[in-house]
Each structure stands twice: as C-alpha cells, then as structure tokens.
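I have placed the structure first, in the form of structure tokens, so that the comments after it can refer back to it.
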Amino acid sequence: MRPPLSLAFKSTTTTIPIVIVVADPIAFGIVSSLSRPGGNITGSTVDGGIEMIAKRLSLLLEAKPNARLGYLASRGNWNGVEGALIMGTARRASASLVHIDLGNSITEQAYVEAASKLAELNVNALLVSDEPDQIAHKEAAVAIATNARVPAMYAFRDLAEAGGLMAYCVDLPDAFRYAAKQIAEILHGKLPGDIPFFQPTFFPFIVNLKAARQIGFEFPHPLLARADEVIE
Numbered sequence: 020m021r022p023p024l025s026l027a028f029k030s031t032t033t034t035i036p037i038v039i040v041v042a043d044p045i046a047f048g049i050v051s052s053l054s055r056p057g058g059n060i061t062g063s064t065v066d067g068g069i070e071m072i073a074k075r076l077s078l079l080l081e082a083k084p085n086a087r088l089g090y091l092a093s094r095g096n097w098n099g100v101e102g103a104l105i106m107g108t109a110r111r112a113s114a115s116l117v118h119i120d121l122g123n124s125i126t127e128q129a130y131v132e133a134a135s136k137l138a139e140l141n142v143n144a145l146l147v148s149d150e151p152d153q154i155a156h157k158e159a160a161v162a163i164a165t166n167a168r169v170p171a172m173y174a175f176r177d178l179a180e181a182g183g184l185m186a187y188c189v190d191l192p193d194a195f196r197y198a199a200k201q202i203a204e205i206l207h208g209k210l211p212g213d214i215p216f217f218q219p220t221f222f223p224f225i226v227n228l229k230a231a232r233q234i235g236f237e238f239p240h241p242l243l244a245r246a247d248e249v250i251e
C-alpha cells in the first residue's frame with residue numbers, strides 16, 4: 020500500500036481496524052511506534068530502512084565500481100523521504116548519483132521518456148526505487164536497463180523474476196502472511212494498536228544470470244557467491 024493511501028485511510032477513521040503493508044510507517048507519519056502502534060492501525064513494514072538502501076547501493080557499486088548511478092523514481096519519491104535517504108547514502112559512498120525522473124505519476128509512457136535520459140546523463144548503472152508502481156510496470160522497469168545494457172538493482176523479487184539483473188528485497192509473501200495473522204488476531208478481539216508491526220529480518224539477494232548474459236555483464240565472483248538465489 021502506498022503511504023499516501025495509508026494516510027488517507029488513517030484520516031478517514033479512528034475506529035475501524037486497518038492492517039497495512041507499507042514501506043516505513045514511522046517516517047511517513049502513519050504510526051509513532053512499531054512495537055505499540057496505538058490507535059486502529061497495525062500491519063507489516065516492508066522497508067529495511069537506511070541500511071537496506073545502503074546495501075542496495077553497495078551491491079550495485081560492487082557489481083559496477085565507480086559507476087555513475089541513475090536513480091529511477093517518481094518525482095515525489097525523489098523529493099521526499101526516500102530521495103533524501105538515497106542522496107545521503109550516495110554522498111557517504113562518494114558515488115555519483117542523478118535522478119532519472121518518472122514524473123508525478125508512474126506510467127508506461129514515463130519509462131519511455133526516462134529511457135532517453137540514461138545516455139543523456141551518462142548513466143551506466145541504475146538503482147530502481149521501491150515504489151509499488153515499479154511492480155505494476157515491471158516489464159518497463161526491466162526493459163529500460165536491458166535496452167541500455169546497464170546493470171540495475173531492483174527492490175522487488177518480481178522484477179528480478181521478470182528479467183531484472185538483481186534485487187535485494189523484502190520477502191513480500193512473508194509480510195502478507197503476517198498481515199493475515201494480524202487480521203485473525205483482530206477478529207479474535209485484539210486491538211490493532213496493541214499488535215506490533217511485523218519487521219522483516221530476511222532480505223534475499225537475487226541475481227539473474229540470464230539477464231546478465233543478455234546485456235553482456237559478468238558478475239564479480241565474490242558478489243555472485245553471496246547471492247541467496249540465482250536465476251539461471
């Protein structure tokens with residue numbers, strides 16, 4: 020669920036129980052505590068925080084050292100909390116980073132327009148945002164890097180399975196299974212505000228060797244050895 024939608028639900032009711040699966044409920048002002056969210060909202064957070072952003076960026080730079088990175092994201096993401104985290108992480112890593120703008124609303128056409136920016140901005144590695152719309156447009160999100168023959172790091176398993184080079188991600192099925200357990204607890208009388216948010220502890224690193232062959236890319240052996248899952 021996108022943070023704005025979660026906030027819209029929150030502003031609509033304070034009594035109907037709400038179970039959400041969202042990036043960072045604290046950063047977006049949805050709840051003030053993960054252990055005791057209070058009110059009528061609980062759920063799962065699918066954001067590993069700044070450590071996860073740093074890890075994605077680190078893995079991408081290990082795959083493509085000294086890269087000029089492009090961050091493929093909507094304008095709202097770039098100008099918001101996550102964009103600030105990405106820029107700060109890149110600065111600390113002494114990495115060159117530019118925004119590949121998907122506009123105010125992510126559409127198929129937005130990817131077409133963004134594709135021309137890769138060569139124009141001399142981008143040779145792509146970090147793709149963890150916005151849910153990237154899943155909805157997974158073929159386009161993969162094609163933009165494949166067509167430019169640049170390595171890309173994705174935030175969702177779906178995109179690696181759709182032909183993306185690699186992903187460092189939350190196990191989303193696990194988050195939704197836990198959300199179902201929370202719904203069951205609520206139906207048995209527990210208050211949402213007393214149910215802690217589920218916080219993931221396993222973040223699989225997935226590499227796609229078929230995608231690598233398609234763009235003529237070879238993974239460094241130490242990086243490949245650390246993969247939790249290899250798509251042949």
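When you line the sequence shown up against this note's numbering, it's residues 20 to 251, in that order.
Where is the CB? At the ideal position from N, CA and C, for every residue including glycine.
Legend entry - Touch test, the stretch 132-143 against the stretch 82-95, Cβ-Cβ under 8 Å, three pairs minimum: Taking 8 Å as the limit for Cβ pairs, the verdict is that the stretch 82-95 does touch the stretch 132-143.
Inset, instruction - In the DSSP assignment, find the unbroken alpha helix (DSSP H) run with residue 65 in it and report its ends. - result: It is not in any alpha helix (DSSP H) - residue 65 carries neither H nor E in the DSSP assignment.
Inset, instruction - Check each candidate in 119, 223, 213 and 209 and name the one with the smallest Cα separation from residue 56. - result: Nearest option by C-alpha distance: 213.
Inset, instruction - Following the continuous alpha helix (DSSP H) through residue 96, name the residue where it begins and the one where it ends. - result: Note, residue 96: alpha helix (DSSP H), 94-98.
Inset, instruction - Determine the DSSP secondary structure at residue 177, reduced to helix, strand or coil. - result: Reduced to three states, the DSSP call for residue 177 is helix.
Inset, instruction - Give a yes or no on whether the C-beta atoms belonging to residue 172 and residue 140 are separated by under 9 Å. - result: Not closer than 9 Å, so no.
Legend entry - Beta carbon of residue 143 nearer than 9 Å to that of residue 232: The Cβ atoms of residue 143 and residue 232 lie no closer than 9 Å to each other.
Legend entry - Complete alpha helix (DSSP H) runs within the stretch 32-92 (minimum length 4 residues, chain order): Counting only runs of 4 or more, we get 69-82.
Inset, instruction - Look at residue 62 and residue 216 and say whether their C-beta atoms are less than 9 Å apart. - result: Closer than 9 Å, so yes.
Legend entry - Proximity below 9 Å, CB of residue 47 to CB of residue 25: The Cβ atoms of residue 47 and residue 25 sit closer than 9 Å to each other.
Inset, instruction - Rank 218, 210 and 161 by C-alpha distance to the C-alpha of residue 193 and give the top, closest one. - result: Residue 218 holds the alpha-carbon nearest to the alpha-carbon of residue 193 among 218, 210 and 161.
Legend entry - CA-to-CA distance, residue 100 to residue 112, given in whole angstroms: Near 19 Å, if we compare the C-alpha coordinates of residue 100 and residue 112.
Legend entry - Sufficient close CB pairs (3 or more, under 8 Å) joining the stretch 157-171 to the stretch 114-131: The stretch 157-171 is in contact with the stretch 114-131.
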